[in-house]
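Below is one structure, written out as structure tokens; comments come after it.
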Amino acid sequence: MSGVVGKPLRRVDGRAKVTGQTQFADDLAMPGMLFMKLLRATVPHACIAAIDTSRAEAYPGVKLVLTGKEFPIPFGILPVSQDEHALCTDKVRFVGDPVAAVIAVDELTAFEALDLIDVKYQPLDTIADAEEAIAKPEPRIHDYGDEGNVHKKVALDFGDVDEALASSEHVFEDVLFFEGNTHLPIEQHATLAYVDPDGKLVVASATQTPHYLHRALSKVLGIPAPHIRVLATPNGGGFGGKSDPFNHEIVAAKAALVTGRPVKIALTREEVFYCHRGRHPVLMKVRTGVQKNEHGFKILGQELQTLLDGGAYGSYGVASTFYTGALQTVTYQIQRYRFRGCRTFTNKPPCGPKRGHGTPQPRFGLEVHIDKICSSLGVDPAEWRVANAVAENSLTANWLRVSSTGLVRCIEAVVEGSGWKTRRNLGRVDGSGVQRGLGLACSSYLCGAGLPIYWNELPHSGVQLRLDRSGEVVAFCGATEIGQGSDNVLVAIVADVLGIDPFDVRCVTGDTSLTPVDLGSYSSRVTLMMGHAAIEAAERARGMLAEAVSAKLKIDKGRVVFAERRVFDGENPQVGVEFAEAVRLAEAKFGTLGSTGSYRPPKSPGDYKGAGVGPSPAYSYSAAIVEVEVDPGTGWLRVPKVWMAHDIGRAINPVLARGQVEGSVYMGLGEALMEEQAYRRLPPKLSRANVHKFPSMLEYKSPGTLDMPEIVTYLIEEPDKNGPFGAKEVGQGPLLPMMPAVANAVYDAVGVRVDEVPVTPEKILKALKERSRRFGPAKFPQIEWPEALQVPPPWEGGDGKAINEKPRKRDLVTGATVAPPVDQLKGGPRP
Amino acid sequence: MMRLPRFQYFAPRTLGDAVKLLHDHGAEAQVVAGGTDLWPNMKRRQQTPRRVIGLRKIEQLFKKSNGGSKLSLGAMISLTRLENDPEILASWPALAKAAKLISTPPLRNMGTLGGNLCLDTRCNYYDQNWEWRKAIDFCMKKDGETCWVAPGSDRCWAVASADTAPVLMAIGAEVTLVSVDGERRIPVADLFRDDGIQYLNKRSNEILTEVHLPDQDGRTRAVYWKLRRRESFDFPVLGVAAMVRLAKGGDGTVEEARLVITGTGSRPHAAPLGDLVGRKLTDESIQRTAETAARIAKPLDNTDFIHGWRKEMAKKFVAGALKELSQLRV
Chain Y
8 MSGVVGKPLR RVDGRAKVTG QTQFADDLAM PGMLFMKLLR ATVPHACIAA
58 IDTSRAEAYP GVKLVLTGKE FPIPFGILPV SQDEHALCTD KVRFVGDPVA
108 AVIAVDELTA FEALDLIDVK YQPLDTIADA EEAIAKPEPR IHDYGDEGNV
158 HKKVALDFGD VDEALASSEH VFEDVLFFEG NTHLPIEQHA TLAYVDPDGK
208 LVVASATQTP HYLHRALSKV LGIPAPHIRV LATPNGGGFG GKSDPFNHEI
258 VAAKAALVTG RPVKIALTRE EVFYCHRGRH PVLMKVRTGV QKNEHGFKIL
308 GQELQTLLDG GAYGSYGVAS TFYTGALQTV TYQIQRYRFR GCRTFTNKPP
358 CGPKRGHGTP QPRFGLEVHI DKICSSLGVD PAEWRVANAV AENSLTANWL
408 RVSSTGLVRC IEAVVEGSGW KTRRNLGRVD GSGVQRGLGL ACSSYLCGAG
458 LPIYWNELPH SGVQLRLDRS GEVVAFCGAT EIGQGSDNVL VAIVADVLGI
508 DPFDVRCVTG DTSLTPVDLG SYSSRVTLMM GHAAIEAAER ARGMLAEAVS
558 AKLKIDKGRV VFAERRVFDG ENPQVGVEFA EAVRLAEAKF GTLGSTGSYR
608 PPKSPGDYKG AGVGPSPAYS YSAAIVEVEV DPGTGWLRVP KVWMAHDIGR
658 AINPVLARGQ VEGSVYMGLG EALMEEQAYR RLPPKLSRAN VHKFPSMLEY
708 KSPGTLDMPE IVTYLIEEPD KNGPFGAKEV GQGPLLPMMP AVANAVYDAV
758 GVRVDEVPVT PEKILKALKE RSRRFGPAKF PQIEWPEALQ VPPPWEGGDG
808 KAINEKPRKR DLVTGATVAP PVDQLKGGPR P
Chain X
116 MMRLPRFQYF APRTLGDAVK LLHDHGAEAQ VVAGGTDLWP NMKRRQQTPR
166 RVIGLRKIEQ LFKKSNGGSK LSLGAMISLT RLENDPEILA SWPALAKAAK
216 LISTPPLRNM GTLGGNLCLD TRCNYYDQNW EWRKAIDFCM KKDGETCWVA
266 PGSDRCWAVA SADTAPVLMA IGAEVTLVSV DGERRIPVAD LFRDDGIQYL
316 NKRSNEILTE VHLPDQDGRT RAVYWKLRRR ESFDFPVLGV AAMVRLAKGG
366 DGTVEEARLV ITGTGSRPHA APLGDLVGRK LTDESIQRTA ETAARIAKPL
416 DNTDFIHGWR KEMAKKFVAG ALKELSQLRV
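Protein chains in written order, with the numbering used here: chain Y, 8 to 838; chain X, 116 to 445.
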């Protein structure tokens, strides 16, 4: 029915999920199916001297054993980081790196045979963390990257920041740390691979990015992509953890090809911790120069340095590094901005994109830093944020284009709802026991990355519609349902445009043989990009129906209205036809009916190396106020209530949107209070071990139902001209302010600063005992930065280009690491 | 998923059959009650019995009996039943509370009182799957040589983590152990040993069949405080059970007391009381006792939370438990 968009309708996949009928990857079973297990490295860093698989091969029930020699071709999600092998070839880089696979008649047999594979390792020194990686260039974990164990260094200057800091009234400096954490999807990764009766490979997998997996399979297996079909099964949670092509997917595919039988692998929880690709641990240093004014102060210049512990492989890491700097400017007005980022390789599971991708860490840093400046200058942090919010239709210092922003309305909503003006404690400990406090933080996030992972000029999302003469409409799209509700968005938009019931629309998604490419469920891109493609496809279909119906009714096409499963004369509503009849009329007129729609984001005004990370068609905004209770005697911390306002542009389905907000609050709270992807290195004199401290859902602490606070959600609808129906993202943005809001609330409650995530009772108690009233890292290491690209901000006469950049060659332009060549932006070759 | 290793399973219907099976198969066999501890441990190859004897079919182990006002609880009574039993709630609410604080509702439906008392000791170096333990070259408790928590030590420092144990010790409960040689009854306090590997004074051919609660004389109160990260699911990283019996006459003088601290060593430890007995519970006496008692807690870095902080919390928890006792009406 028209007016599907904006209504709190039941989600289209809800019935299947609540009745347990959704087929997740591990639910798939086929006759004759074999089971696969991976032998994973038990040493953190070593050369593989020899592998003997003969005993495993001889074990009853074992059908196949594979090792790295079967997989000489590397892969990786970014074109610039093709550094993974499906099974390690010459070297292992962390405890958990896969070195061999056993395929057997059942899982237990495969597991037992793993122990019969003899691997001889020649140990290498371990690089345990980012600071060690900088200090120890040898042994190198990879033989590529900027230098030694440094994967990537970035240096960007938007205006003369030194001058801005020198001319500032006050310069504030903070060093903060954000510990790594992981996605913790309830569904462990699983894959079923088989050869179909035509002899083509089919890989059904819990993946957020079937298109990229399709490309990786074709590359590594050496099979033409048209002969491979990837089915993205509904993900039982993704959060970025299923966005890379994974070794188990490729090895299962190979095993199916070799054995000719279906092969399944379902990872254990431990293995999911080893796949990781989660939040990078980031050490950061931020310096801000301010000038007092009638709103408190104005930021004249800001410098941010980040040091990322990347783990053993590249993954999305180059993009993650840029993201630790790119979106800092999108929330508050910053006149000049300097960013320095450095990602290191270490002997731990690789980090990558987790909900918020590279942005939550510096957002925590900045929001705590701002809170400190406000208290130091006696300014209300809420009033300051309102006065300094980035304006709509503006450019930032680093050339990002902000179209709409509802940030001010977000702040006003949570300030009002929480009683901020009267209920703050301002750090007074009065000896009465548990102290309450309120903390505020804001954020902004992408609605889809402006560029694809690999350079191309193709649409980012495509939708095809098939209109059946029964009145059924089938929508095909490569987007992947990861629990976020993308199938629902697709169906709602198509139904809305065609004036039919969502139940009349069937959706087929995440199938590389049947559905047009959508780049995947990452970077909060699906609602916006698939939404535009769906609108275009549906409007084209509506055009055909309108033409056929207007001819039949002998009225002008412009008068035809679609609503209530009818197509009728808007000026004479009782005159019209049923929707199915309209389809039949159109089919008679045009032949078999179908339509397509696609979407490619607008060009970004930035045109310097690195300008490719950060641009988005639109930015969402969030503001959170968190209430905490802190016991100054123990440091014990509890969060009873959260007020979260999110500028979503327009909610396609407000119930699902609220669900995403609550999910973000939950996940953010876990990061704020307890989650740590932490490692244990045994005393080097006694052992070389460097292991994940607790790869289990019991000891990797994440909140449970009873730990959830009351949440007051405000959906702020400030429609964006670049969003479908004005819609912006909601999947990631509301997570970002949670961590700094908790830290700021702890300060409000008991007057101490915990400059480190997670904020734990131990750290609070320690800070309460310190004279500095602070817990956090002492210093940021000296890093030799490369010469920075100098990009003048828009208000200093810049044109979006760097004034000192050498011409970039087209063939070096790879993936999300660099801007598109200028001819793509301006329609002419670069001089 | 992780699969169980291959093993032979027995399901005897009588206690006599069970103890005979256990006797016959000796060290190769292990008893399973609810399975919430043993099965995951077997999946991780921490425990690798070739034969497992299930107690689920033995009806007498599910019984609760009243000998006068004294309650005897069959070892197979589920933790869910324990937390909801009206008689226990009336006489020893601290025991019901300890049961309620164990793990999650589904696991309490399966987990049993006897199983909780016999719970394997826990350690972050030990409660890991086989591949993980291989990566640290295993540990003393299973398949290895070294205790990685204290590499110089010649003993295992895995942590006693049963919530019901400290409460039962504090109130002076007893257990019955049955073997082919007969049965014996010992105080719960004597069931435990201060060793992460040999943590029970239970012979390999004995089955813990019953727990006997003392008479509630109307002057005895007990409480249990549990420290853990989350409000559900987690094992205690510090547990404090406190019991006081007040003198007749009602002036609040402590006639007898026991403090038991768990989660900070390989067994629940009875803590020194200082001069608590013979006085009233006042803020001063509580603080003094807390200082003294907490000395028994010597947490190491093998559970959740920083161990130095857990040590500090021991003091706060003893004080908190005593304070709660001082405010309870009998």
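Even glycine gets a Cβ: it sits at the ideal position worked out from N, Cα and C.
Since we're looking at a predicted model, the values are computed, not measured.
Asked, Found
"Any C-beta of chain X under 8 Å from that of Glu769 of chain Y", "yes"
"Nearest neighbour of Ala412 of chain X, chosen from X:Pro383, X:Thr279, X:Leu228 [CA to CA]", "X:Pro383"
"Proximity test, Cβ basis, 8 Å: Asp762 of chain Y and chain X", "no"
"Minimum C-alpha distance to Gly550 of chain Y - residue among Y:His539, Y:Lys559, Y:Gly565, Y:Lys561", "Y:Gly565"
"Rounded separation between Pro15 of chain Y and Asp755 of chain Y - CA only", "37 Å"
"Between the CA atoms of Ser327 of chain Y and Pro827 of chain Y - distance to the nearest angstrom", "Any reading at Pro827 of chain Y must be qualified, since the residue scores a pLDDT of 40, below 50, and its modelled position is unreliable; the value itself is stated next. Distance between the alpha carbons of Pro827 of chain Y and Ser327 of chain Y is about 18 Å."
"Inside the stretch 145-175 of chain X only - alpha helix (DSSP H) runs reaching at least 4 residues", "153-158"
"Chain X within 8 Å of Gly711 of chain Y, Cβ atoms only", "yes"
"Three-state secondary structure (DSSP) of Glu180 of chain Y", "strand"
"Residue-level contact to chain X via CB, Glu678 of chain Y, 8 Å cutoff", "no"
"Interface positions of the stretch 239-251 of chain X facing chain Y (Cβ-Cβ less than 9 Å), listed along the chain", "Asn239, Tyr240, Asp242, Gln243, Asn244, Trp245, Glu246, Trp247, Lys249, Ala250, Ile251"
"Distance, Arg410 of chain X Cα to Asp152 of chain X Cα", "30 Å"
"Three-state class that DSSP yields for Asn697 of chain Y in the structure shown", "strand"
"Integer-rounded CB distance, given that Ala214 of chain X should sit under 8 Å from Leu234 of chain X", "In fact, because the Cβ distance is near 13 Å, the residues do not count as touching under 8 Å."
"Of the residues X:Gly393, X:Pro387, X:Pro266, the one placed nearest Asp366 of chain X, counting alpha carbons only", "X:Gly393"
"Complete alpha helix (DSSP H) runs within the stretch 311-375 of chain Y (minimum length 4 residues, chain order)", "324-333"
"For Leu191 of chain Y and Gln215 of chain Y, the rounded distance between their alpha carbons", "15 Å"
"Beta carbon proximity, Pro690 of chain Y to chain X, threshold 8 Å", "yes"
"Which residues DSSP lists as bridging Asn181 of chain X, in chain order", "X:Leu186"
"Inter-residue spacing [alpha-carbon to alpha-carbon] between Ser623 of chain Y and Ala396 of chain Y", "18 Å"
"Chain-order list of residues whose beta-carbon lies under 7 Å from that of Arg362 of chain Y (same chain, five-residue window excluded)", "Phe246, Gly247, Met674, Gln739, Leu742"
"Same chain, Cβ closer than 7 Å to Leu415 of chain X, neighbours up to 5 away in sequence not counted", "Val264, Ala265, Trp272, His422"
"For Cys54 of chain Y, the three-state DSSP class (helix, strand or coil)", "strand"
"Reference Pro608 of chain Y, options Y:Gly492, Y:Val582, Y:Arg284, Y:Gly621, closest by Cα", "Y:Gly621"
"Alpha helix (DSSP H) segment containing Trp427 of chain Y, residue limits", "427-430"
"DSSP bridge partner residues for Arg236 of chain Y (one or two, in chain order)", "Y:Val209"
"Short CB-CB distance (under 8 Å) between Phe420 of chain X and chain Y", "yes"
"Contact set between the stretch 694-708 of chain Y and chain X, restricted to residues whose Cβ is under 8 Å from the partner", "Ser694, Ala696, Val698, His699, Lys700, Phe701, Pro702, Ser703, Leu705, Glu706, Lys708"
"Inter-residue Cα distance where the pair is Thr109 of chain X and Leu361 of chain X", "In the structure as shown, chain X begins at 116 and stops at 445. Residue 109 of chain X is therefore absent and cannot be evaluated."
"Distance between Pro765 of chain Y and Phe569 of chain Y (C-alpha atoms, nearest Å)", "52 Å"
"Closest by C-alpha distance to Gln581 of chain Y, when choosing among Y:Val737, Y:Glu588, Y:Arg573", "Y:Arg573"
"Test: Ala273 of chain Y CB closer than 8 Å to a CB of chain X", "yes"
"Pairwise C-alpha distance: Tyr344 of chain Y and Gly21 of chain Y", "46 Å"
"Contact set for Thr129 of chain X: own chain, Cβ-Cβ below 7 Å, skip 5 residues either direction", "Ile173"
"Environment of Met116 of chain X [buried if 16+ CB atoms lie within 10 Å]", "exposed"
"Any chain Y beta carbon closer than 8 Å to Pro266 of chain X", "yes"
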